[in-house]
Amino acid sequence: MTETPSKTYKEENFPVASFLIPKKLRTTILTFYTYARNADDIADSSELSSQEKIELLNEFEKVILGENPTTQQSICALQLRETLKEKNISIQSALDLLKAFKQDAIGYTYKNWNDLMAYCYNSAGSVGRFMLDLHQENPSTYWPSNALCAALQLNNHLQDCKDDFLTKKRVYLPLDWFKENNTNYDALLDIKTSGPLRNIFNQMCNGIDALLIESSPLPLVIVNRGLRMEVCTIYKLAQLLLNHLKTKDILEKHVDLNKFDWFLSFFYGIFLGTRRKKIKCLDKKQILQKK
Numbered sequence: 024m025t026e027t028p029s030k031t032y033k034e035e036n037f038p039v040a041s042f043l044i045p046k047k048l049r050t051t052i053l054t055f056y057t058y059a060r061n062a063d064d065i066a067d068s069s070e071l072s073s074q075e076k077i078e079l080l081n082e083f084e085k086v087i088l089g090e091n092p093t094t095q096q097s098i099c100a101l102q103l104r105e106t107l108k109e110k111n112i113s114i115q116s117a118l119d120l121l122k123a124f125k126q127d128a129i130g131y132t133y134k135n136w137n138d139l140m141a142y143c144y145n146s147a148g149s150v151g152r153f154m155l156d157l158h159q160e161n162p163s164t165y166w167p168s169n170a171l172c173a174a175l176q177l178n179n180h181l182q183d184c185k186d187d188f189l190t191k192k193r194v195y196l197p198l199d200w201f202k203e204n205n206t207n208y209d210a211l212l213d214i215k216t217s218g219p220l221r222n223i224f225n226q227m228c229n230g231i232d233a234l235l236i237e238s239s240p241l242p243l244v245i246v247n248r249g250l251r252m253e254v255c256t257i258y259k260l261a262q263l264l265l266n267h268l269k270t271k272d273i274l275e276k277h278v279d280l281n282k283f284d285w286f287l288s289f290f291y292g293i294f295l296g297t298r299r300k301k302i303k304c305l306d307k308k309q310i311l312q313k314k
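Here our numbering runs 23 ahead of the position in the sequence shown, where the first position is 1.
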């Protein structure tokens, strides 16, 4: 497999090490991103067997733990280990991330919502906890951060659900929802969304709405202004993408953020992030009514 990452940080759905983050920290963030992107590419590779993927990810893990000599493939893991040691940051987030990629590598079935939340804790949640540790924020910020990161993760999975099943045979939607709606994974391959599948998508959107409500106190407890502005920006992007996913047919055409969404979100993030005010989110009663 190629050693060149399949995607750069500029191609992500949400800002990575943007100008809002203190300049002195951006290199460290990009080191973590490179590690994550390379591990993700291993898990997604069509050239490797599940066993080969697990072996390579185990190699990353041992390098992070300082137990293994570094190979060409795992240089990014060594660079991250050295950076985390220099910054006095725990390696736990880097290890948690690998747990999620190992699930991807073997093809994991998410039986229910709790299964999916556990995956999000290790995947997107680990990135959020790393960012908070890097900015020396209080660990009390982990809880709302985990919720926001899970919302971002599920937005992406809903956005890519058709392609994920078609090309990787992965489904990041609870299996019990399919059973409740008398349908199966093959419905994801239809040209347009069926009624039962729309019900499942609506359940996912309601879950993401609830996670955004749960994460809304995060800007109030983040001390670093740059990080606070980026969090507010990301929050708004998550809301806008979710609104698109609610109103458009996900199977008919890939749903993406547009340039105006990005402009509005950065304006929103800078405006609110400098004031440390609570982000506006959907009223909890609205969520309950939708359910």
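Note that beta-carbon positions come from the ideal geometry of N, C-alpha and C, so glycine has one too.
Please classify residue i as buried or exposed, where buried requires at least 16 other C-beta atoms within 10 Å of its C-beta.
i      : result
Cys108 : Before going on, a small fix: residue 108 reads as Lys here, not Cys. Lys108 comes out exposed.
Ser146 : buried
Ile223 : buried
Ser69  : exposed
Glu203 : exposed
Leu212 : exposed
Phe201 : buried
Val150 : buried
Asp186 : exposed
Lys30  : Low confidence applies here, because Lys30 scores a pLDDT of 49, under 50, leaving its location unreliable; read the following figure in that light. Its Cβ having fewer than 16 others within 10 Å, Lys30 is exposed.
Glu253 : buried
Thr297 : exposed
Val246 : exposed
Asn179 : buried
Leu80  : buried
Gln74  : exposed
Thr190 : exposed
Ile214 : exposed
Ser113 : exposed
Leu250 : buried
Kindly indicate which residue of the options has the alpha-carbon position closest to the one of residue i.
i      : options                        : result
Asn205 : Arg221, Thr190, Lys192         : Arg221
Lys259 : Leu155, Leu295, Asn81          : Leu295
Gln182 : Tyr195, Ala170, Val150         : Tyr195
Asp209 : Leu274, Thr54, Val86, Gly89    : Leu274
Leu71  : Ala128, His180, Glu237, Leu268 : Ala128
Ile44  : Leu264, Asn281, Met154         : Met154
Lys122 : Leu177, Lys134, Tyr142         : Tyr142
Thr270 : Leu177, Cys255, Cys228, Phe286 : Cys228
Phe9   : Gln176, Leu48, His180, Leu263  : Because residue 9 is not part of the residues shown, which for the chain are 24 to 314, the question remains open.
Phe188 : Leu280, Leu48, Asp67, Glu78    : Asp67
Thr164 : Ser238, Gly89, Glu82           : Ser238
Val278 : Glu82, His267, Arg104          : His267
Phe119 : Glu84, Thr57, Lys76            : A quick correction: the sequence has Asp, not Phe, at residue 119. With distances taken between Cα atoms, Asp119 lies closest to Glu84.
Leu53  : Asp64, Cys99, Ile77            : Cys99
Phe283 : Asp272, Thr256, Lys276         : Thr256
Tyr131 : Glu78, Thr106, Leu198, Glu90   : Leu198
Pro240 : Glu90, Trp166, Glu105          : Trp166
What is the DSSP secondary structure of residue i, counted as helix, strand or coil?
i      : result
Glu160 : coil
Ile52  : helix
Asn145 : helix
Tyr133 : coil
Lys215 : coil
Tyr195 : coil
Val278 : coil
Pro92  : coil
Asn207 : coil
Leu121 : helix
Leu107 : helix
Ile302 : At Ile302 the pLDDT is 42, less than 50, meaning the model places this residue with poor confidence; the figure from the coordinates comes in the next sentence. Correct three-state label for Ile302: coil.
Leu295 : helix
Pro45  : coil
Ser69  : coil
Ile12  : The question about residue 12 has no answer here: the residues shown for the chain are numbered 24 through 314.
Asp64  : helix
Ser116 : helix
Asn36  : Low local confidence applies: a pLDDT of 49 at Asn36 is under 50, so the model's placement there is unreliable, and no value is given.
Lys307 : At Lys307 the pLDDT is 41, less than 50, meaning the model places this residue with poor confidence; the figure from the coordinates comes in the next sentence. Helix at Lys307.
Asp272 : coil
Ser288 : helix
Thr25  : Note on Thr25: pLDDT 42, under 50, position unreliable in the model; no value is reported.
Asp186 : helix
Using a C-beta cutoff of 8 Å, does residue i count as contacting chain C?
i      : result
Ser163 : The structure shown has no chain C; it contains just one protein chain.
Under 8 Å, with one C-beta from each stretch per pair, do the stretch 87-100 and the stretch 156-163 reach the 3-pair mark? No, the stretch 87-100 is not in contact with the stretch 156-163.
Report the residue ranges of all alpha helix (DSSP H) runs contained in full by the stretch 226-257; include only those spanning at least 4 residues, in chain order. The qualifying runs are 241-244.
Would you call the stretch 169-178 and the stretch 232-243 touching, i.e. three or more CB-CB distances under 8 Å? The stretch 169-178 vs the stretch 232-243: in contact.
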